[in-house]
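Student:
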Amino acid sequence: MATANIEVSETPLVLYALRRADDALILGHRLSEWCGHAPMLEEDMALSNIALDLIGQARELYTYASKVEGKDNDEDKLAYLRDVRQYRNLLLVEQPNGDFAQTLVRQFFYSAFADLYWRAMMSSRDATLAAIAAKSEKESAYHLRHASEWLIRLGDGTDESHARAQAAIDHLWSFTGEMFAVDDGERALIHAGIAVDPGPLRGRWLQTLSDVAREATLMLPQNDWMQQGGRAGRHSEHLGHLLSELQSMQRTFPGLTW
Amino acid sequence: MVTVLDDNTALRQRAWDAAASVVDPEIPVLSIADLGVLRDVALDGDHVEVAITPTYSGCPAMNMIALEIELALERAGFRGSKVRTVLSPAWTTDWMSEEGRQKLRAYGIAPPQASSSRRALFGVQAVACPQCGSENTELLSEFGSTSCKALWRCKSCREPFDYFKCH
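So the protein sequences, as listed, match chains G and D.
If you're matching positions, the first sequence starts at 609 in the numbering used here and goes up one per residue.
If you're matching positions, the second sequence starts at 314 in the numbering used here and goes up one per residue.
1) Within the 8 Å Cβ cut-off, does G:M857 reach chain D?
2) Just tell me which of G:S617, G:A755 and G:L762 has its CA closest to the CA of G:S719.
3) Quick check: the Cα distance between G:A749 and D:L324, rounded to an integer number of angstroms?
4) What residues of chain D sit near G:D661, judged by a beta carbon separation below 8 Å?
5) Among the candidates D:S460, D:K395, D:A332 and D:F474, whose CA atom is the shortest distance from the CA of G:L655?
6) Taking the alpha-carbon of G:E615 as reference, which of G:L826, G:G801 and G:L686 has the nearest alpha-carbon?
7) According to DSSP, which residues form a beta bridge with D:V336?
8) One question on the structure: do D:A423 and D:F456 come within less than 8 Å of each other, judged by their Cβ atoms?
9) Using 8 Å as the threshold, is the C-beta distance between G:V692 and G:H843 below it?
10) What three-state label does DSSP hand G:W833 in the structure shown?
11) For chain D, find out if any of its Cβ atoms is closer than 8 Å to the Cβ of G:Y750; answer yes or no.
12) Would you mind stating whether G:L689 and G:T611 have Cβ atoms separated by less than 8 Å?
13) Counting only C-beta atoms, is D:A403 closer than 8 Å to chain G at any point?
14) Are the stretch 734 to 749 of chain G and the stretch 393 to 403 of chain D in contact at 8 Å, needing three or more beta carbon pairs?
15) Does the beta carbon of D:F477 come closer than 8 Å to any beta carbon on chain G?
16) Using 8 Å for Cβ pairs, my map puts D:L417 next to D:V335. What's the rounded Cβ distance?
17) Does DSSP put D:S394 in a helix, in a strand, or in coil?
18) Tell me, which residues are paired with D:E362 by DSSP?
19) What is the residue span of the beta strand (DSSP E) that D:W465 lies within?
20) Could you give the DSSP three-state label for G:F861: helix, strand or coil?
21) Cβ of G:I740 less than 8 Å from any chain D Cβ?
22) Give a yes or no on whether 8 Å exceeds the smallest Cβ distance from G:K743 to chain D.
23) Counting beta carbon pairs with one atom in the stretch 776 to 794 of chain G and one in the stretch 829 to 847 of chain G, are three or more of them shorter than 8 Å?
24) Report yes or no: is there a C-beta of chain D within less than 8 Å of the C-beta of G:K746?
25) Within 8 Å, do at least three Cβ pairs link the stretch 641 to 656 of chain G to the stretch 717 to 735 of chain G?
26) Give a yes or no on whether the minimum CB-CB distance between D:S447 and chain G is below 8 Å.
27) Give a yes or no on whether 8 Å exceeds the smallest Cβ distance from D:R432 to chain G.
28) Ordered along the chain, which non-local residues of its own chain (more than five positions away) have a Cβ less than 7 Å from that of G:S852?
29) Are there 16 or more other CB atoms within 10 angstroms of the CB of G:D819, so buried, or fewer, so exposed?
30) Check whether chain G comes within 8 Å of D:E472, counting only Cβ atoms and requiring the distance to be less than that.
31) What residues in its chain sit with their C-beta under 6 Å from that of G:I658, if we drop five residues either side in the sequence?
32) Taking the straight line between their C-alpha atoms, what separation do you get for G:A632 and D:D320?
33) Which value, in whole angstroms, describes the spacing of the CA atoms of G:F745 and D:F474?
34) Please list, in chain order, the chain D residues whose beta carbon lies closer than 9 Å to that of G:M653.
35) Which residues in the same chain as D:R432 place their Cβ atom closer than 6 Å to its Cβ, once the five residues preceding and following it in sequence are excluded?
36) Could you give the residue range of the beta strand (DSSP E) that holds G:S748?
Spelled out as structure tokens, the structure:
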């Protein structure tokens, strides 16, 4: 029998922490799917290392969300006992790994954003969020460098790698708008100096993208129609499949511990 | 317990020494004091509270380290000690002791560059080979066998080696 989902009281601050935690967990899980399958050993280790950083960030954020909520929904329950519609991550991070180029482009779009986002969050008035950001920011700097170098290598590589990298950019582009969208609850936290306003980060994010794309001989799409829904729990069909794997142990053996 | 309880300094020192004897399970030549992970040891009566700071968000060694600290304190005669994780200020490789750096080098891991400023993060040029000392080295992979290490190769002695990343 399947375990019941938990109910989370999503006050604005709980929701804010959950959204960032879900981004990190889902992207970390996606990267972990490469473990043992990457094109070379060094890359296998790199992707697993990045996954580990992201899952670590998710744990800190879940633990904080749990503390703010003040019920007994700990980090494990938040990760294992919420269903698709309760997840608040960006649609971008749940997109399948596809080929290696698609994984790297997804990583590049996210890391270029996360690097700016964590740095801005270091001056949050919320001491815990500021501390989590200070740690995550150091990690995201490495993640961004890794993805940028790969993008240049793929874009400015063979005809095949160039075509695949360009196709990945075109495919994933419409999932990037959501990173900069803000709802009313989050707007209030921004005014209170707790949350980061992502709007002003977009210029620098685009700058990073164009600098790398230029060196990689790749083109950024002009299309500005963007997908939305992840922050409100409306996901692509891929997230359910991901969660069925991520949660299978707790759903099969409720309360299982190692 | 034979120690007189008002002799707080000596007692605290004993607790510190016990906690500081714990080593990094992945790099056993380094103690958590060498690493700068051990931040504080506080006494409340004969209860000890140890503060540690994580190196990387997802470093799997942290749980193990926390457990080892509790065991080390237990062995030193302290009952019911607690380990607390402190996130701020964020850990940096600048906290690694000079002794720790020397131990790392002798163990075959190139120690982190002295300053973890952004410049250093992106401007690391010459990492000296811990085997032969040559600076004629190259980066193989930004991510090595653990979160904290990168994989390098020495072009003089042809040996691959780990570099403890600047953080």
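The beta carbon of each residue, even a glycine, is placed where N, CA and C say it ideally should be.
Computed from a predicted structure; not experimentally measured.
Tutor: For this structure:
1) Counting from one through the first sequence, the residue named residue 857 of chain G turns up at place 249. No, G:M857 does not count as interfacial toward chain D.
2) Here residue 719 of chain G refers to the residue found at position 111 when the first sequence is read from its first residue. Comparing Cα-Cα distances from G:S719 to each of G:S617, G:A755 and G:L762, the minimum goes to G:A755.
3) Walking along the first sequence from the start, residue 749 of chain G turns up at place 141. Walking along the second sequence from the start, residue 324 of chain D turns up at place 11. Cα to Cα, the separation comes out at about 42 Å.
4) Residue mapping note: residue 661 of chain G aligns to position 53 of the first sequence, counting from 1. The contacting residues are Y369, S370, G371 and S460.
5) If you number the first sequence from 1, residue 655 of chain G lands on position 47. Minimum Cα distance to G:L655 is reached at D:S460.
6) Taking the first residue of the first sequence as position 1, residue 615 of chain G is located at position 7. Minimum Cα distance to G:E615 is reached at G:L686.
7) Mapped onto the second sequence, residue 336 of chain D falls at position 23. Beta-bridge pairing links D:V336 to D:S344.
8) Locating residue 423 of chain D in the second sequence gives position 110, counting from the first residue. Locating residue 456 of chain D in the second sequence gives position 143, counting from the first residue. No, Cβ-Cβ distance for D:A423 and D:F456 is not below 8 Å.
9) Stepping through the first sequence from its first residue, residue 692 of chain G is reached at position 84. Stepping through the first sequence from its first residue, residue 843 of chain G is reached at position 235. Yes.
10) The residue you call residue 833 of chain G lines up with position 225 of the first sequence. In this structure, G:W833 counts as coil in the three-state DSSP scheme.
11) By 1-based counting over the first sequence, the position of residue 750 of chain G is 142. Yes, its Cβ sits closer than 8 Å to a Cβ of chain D.
12) Here residue 689 of chain G is taken as the residue at index 81 of the first sequence, counted from 1. Here residue 611 of chain G is taken as the residue at index 3 of the first sequence, counted from 1. Yes; because the gap between Cβ atoms is below 8 Å, this pair is in contact.
13) Position 90 of the second sequence holds residue 403 of chain D. D:A403 counts as touching chain G.
14) yes
15) Mapped onto the second sequence, residue 477 of chain D falls at position 164. With 8 Å as the cut-off, D:F477 does not count as an interface residue toward chain G.
16) As a first step, residue 417 of chain D must be located in the second sequence, where it is residue number 104. As a first step, residue 335 of chain D must be located in the second sequence, where it is residue number 22. Not quite, the Cβ-Cβ distance comes to about 17 Å (not below 8 Å), so this is no contact.
17) Position 81 of the second sequence, counted from the first residue, corresponds to residue 394 of chain D. In this structure, D:S394 counts as coil in the three-state DSSP scheme.
18) As a position in the second sequence, residue 362 of chain D is number 49, starting the count at 1. Answer by DSSP bridge pairing, in chain order: D:A355 and D:K395.
19) Translated into positions along the second sequence, residue 465 of chain D becomes position 152. K462 to C467 is the span of the beta strand (DSSP E), which, as asked, contains D:W465.
20) Counted from its first residue, the first sequence places residue 861 of chain G at position 253. Three-state result, G:F861: coil.
21) Residue numbering aside, residue 740 of chain G sits at position 132 when the first sequence is read from its first letter. True, the Cβ-Cβ gap to chain D drops below 8 Å.
22) Here residue 743 of chain G is taken as the residue at index 135 of the first sequence, counted from 1. Interface residue, yes.
23) yes
24) Start at 1 with the first residue of the first sequence, and residue 746 of chain G comes out as number 138. Yes - at least one Cβ of chain D is within 8 Å of the one on G:K746.
25) no
26) For the purposes of this step, residue 447 of chain D is identified with residue 134 of the second sequence, where counting begins at 1. Output row for D:S447: interface = no.
27) As a working note, residue 432 of chain D is residue 119 in the second sequence. Caution is warranted here: a pLDDT of 48 is assigned to D:R432, below 50, making its placement in the model unreliable, and no coordinate value can be reported.
28) Working through the first sequence from its first residue, we reach residue 852 of chain G at position 244. Result list for G:S852: empty, nothing under 7 Å.
29) Working through the first sequence from its first residue, we reach residue 819 of chain G at position 211. So G:D819 ends up on the exposed side.
30) Within the second sequence, residue 472 of chain D is the residue found at index 159, counting from 1. No, D:E472 does not count as interfacial toward chain G.
31) Stepping through the first sequence from its first residue, residue 658 of chain G is reached at position 50. Hits under 6 Å: L639 and H751.
32) Translated into positions along the first sequence, residue 632 of chain G becomes position 24. Translated into positions along the second sequence, residue 320 of chain D becomes position 7. When rounded, the distance between both Cα atoms is 47 Å.
33) The residue labelled residue 745 of chain G in the question sits at position 137 within the first sequence. The residue labelled residue 474 of chain D in the question sits at position 161 within the second sequence. According to the sequence provided, residue 745 of chain G is Glu. The question's Phe does not apply to it. Going by the C-alpha atoms only, they are around 26 Å apart.
34) Start at 1 with the first residue of the first sequence, and residue 653 of chain G comes out as number 45. Residues of chain D passing the Cβ test: S454, F456, G457, S458 and L464.
35) For the purposes of this step, residue 432 of chain D is taken as residue 119 along the second sequence, with counting starting at 1. Confidence at D:R432 is low in this model, with a pLDDT of 48, below 50, so its placement is unreliable and the value that follows should be read with caution. Once the five neighbours on either side are set aside, D:R432 has no close Cβ partner at all.
36) Reading the first sequence from its first residue, position 140 is the one you call residue 748 of chain G. Careful: G:S748 lies outside any beta strand (DSSP E), inside the alpha helix (DSSP H) at A735 to G763.
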